[in-house]
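In this note's numbering, the protein residues as written are 99 to 159. Idealized CB from N, CA, C, for every residue including glycine. Okay, structure first, notes after.
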């Protein structure tokens with residue numbers, strides 16, 4: 099994982115950053131399922147997948 103970050107820090111390329119973030123998310127998913135097998139699985143939710151107003155958003159009126 100550190101290698102992906104180091105590559106991004108050397109190049110500064112968006113492609114390298116996205117590769118690092120993709121690997122970070124992959125590791126989170128793998129840890130989730132490893133924990134689930136052990137009986138302790140809880141999915142971490144990021145701020146980017148939250149519906150702020152929930153199912154009762156009336157802003158369309």
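> From residue 123 to residue 99, what does the alpha carbon distance come to, in whole angstroms?
Replying inline: Near 11 Å, if we compare the C-alpha coordinates of residue 99 and residue 123.
> Just curious, the alpha helix (DSSP H) that residue 107 is in, first and last residue?
Replying inline: According to the DSSP assignment, residue 107 belongs to the alpha helix (DSSP H) that extends over 100 to 109.
>> Here's a check: name, in chain order, each residue in its chain whose Cβ is nearer than 7 Å to the Cβ of residue 117, leaving out the five neighbours to either side.
In response: Answer for residue 117: 102, listed in chain order.
> Residues in its own chain within less than 7 Å of residue 106 by CB, not counting five upstream and five downstream?
Replying inline: Answer for residue 106: 114, 115, 118, listed in chain order.
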